[in-house]
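Below you'll find the structure, written out as C-alpha cells, and then a few comments.
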Amino acid sequence: MSERHLIVVIAGGGALGSMARYGLSLFALSTLPGWAIAGTLAANIAGSLLIGLIAAWSVRRLPSPLLNGFLVTGFCGGFTTFSAFSLETLLMAMSGAWEMTLGYIAVSSAGWMVAAWLGWSAGMALFAAKEGVAQTKS
Numbered sequence: 616m617s618e619r620h621l622i623v624v625i626a627g628g629g630a631l632g633s634m635a636r637y638g639l640s641l642f643a644l645s646t647l648p649g650w651a652i653a654g655t656l657a658a659n660i661a662g663s664l665l666i667g668l669i670a671a672w673s674v675r676r677l678p679s680p681l682l683n684g685f686l687v688t689g690f691c692g693g694f695t696t697f698s699a700f701s702l703e704t705l706l707m708a709m710s711g712a713w714e715m716t717l718g719y720i721a722v723s724s725a726g727w728m729v730a731a732w733l734g735w736s737a738g739m740a741l742f743a744a745k746e747g748v749a750q751t752k753s
C-alpha cells in the first residue's frame with residue numbers, strides 16, 4: 616500500500632461522508648425548520664454511532680488500512696461536524712442564549728457517547744461470529 620493510495624481513498628471517503636452529511640442536514644432542517652442546529656446534532660450523533668460500529672468491526676475483522684482509512688478518517692471525518700458544532704455553540708454563547716448553549720452541549724455530548732457505545736456494542740455482537748478469523752489474521 617502506498618501513501619498516495621491511502622490519501623486518495625481517504626479523500627474519496629471524505630467526499631462521500633460530506634455529501635451524506637449535507638443530505639442529512641437538509642433532511643433535518645426540513646423536518647425541524649425552526650431549529651438551525653438540527654443537522655449538526657443529527658450528523659454528530661449518527662457519526663458517533665457509525666464510528667462505534669466501525670471500530671468494533673475493525674477489532675473483529677481487521678480490515679485493510681485502506682478500508683479503515685476510507686471509513687474512519689475519510690467517511691466519518693467528512694460526515695461529522697465538530698467544527699460546525701463549535702462555531703454554533705460559540706455563536707449561541709456570544710448571543711447570550713446560555714440555556715440553549717448549555718443544553719446543546721449536554722444533549723450533544725450525551726448523544727455522542729450513547730451513540731458510540733450503541734455502535735460499539737452492536738458491532739461487537741454482530742461481528743462476534745468471525746472472531747476466530749480476526750485472530751488468525753494477526
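Numbering (this note's numbering) for the sequence shown: 616 to 753.
Glycine is no exception: its CB is placed at the ideal position from the N, C-alpha and C atoms.
Predicted model only: the values in this text are computed from it and were never measured.
Query raised in the report: With burial defined as no fewer than 16 other Cβ atoms inside 10 Å of the residue's Cβ, what is the status of V624: buried or exposed?
Result: By the neighbour-count rule (16 or more Cβ atoms within 10 Å), V624 is buried.
Report task. Taking only the alpha-carbon atoms, compute the straight-line gap between S633 and A743 and give it to the nearest angstrom. Result -> When rounded, the distance between both Cα atoms is 30 Å.
Query raised in the report: Taking all protein chains shown into account, do 16 or more other C-beta atoms lie within 10 angstroms of the C-beta of A658, making it buried, or fewer, making it exposed?
Result: Buried, since its Cβ has 16 or more Cβ neighbours within 10 Å.
Query - Where S617 falls: helix, strand or coil (DSSP) - result: The answer is coil: DSSP assigns S617 none of H, G, I, E or B.
Query - the segment 678-690 / the segment 616-623 touching (three or more Cβ pairs under 8 Å) - result: With contact defined as three or more Cβ pairs closer than 8 Å, the segment 678-690 and the segment 616-623 are in contact.
Requested in this report: Whole angstroms is fine: what's the gap from A712's alpha carbon to S679's?
Outcome: Straight across, the Cα-Cα distance linking A712 with S679 is about 46 Å.
Query raised in the report: Exposed or buried, what is S617 when buried is set at 16 or more other beta-carbons lying within 10 Å of its beta-carbon?
Result: In this structure S617 is exposed. Its beta-carbon is surrounded by fewer than 16 other beta-carbon atoms within 10 angstroms.
Query raised in the report: When burial is assigned at 16 or more other CB atoms within 10 Å of the CB, is W735 buried or exposed?
Result: W735 comes out buried.
Query raised in the report: With burial defined as no fewer than 16 other Cβ atoms inside 10 Å of the residue's Cβ, what is the status of G649: buried or exposed?
Result: That one is exposed.
Query raised in the report: Quick one: what does DSSP say S736 is sitting in, helix, strand or coil?
Result: Of the three classes helix, strand and coil, the one that applies to S736 here is helix, per DSSP.
**Report entry** Straight-line Cα distance separating L641 from G629
**Finding:** Rounded to whole angstroms, G629 to L641 spans 18 Å at the Cα level.
Requested in this report: Pull up the CB-CB distance for G738 and L668, whole angstroms please, since I reckon it's below 8 Å.
Outcome: About 4 Å separates the two Cβ atoms, so the contact holds.
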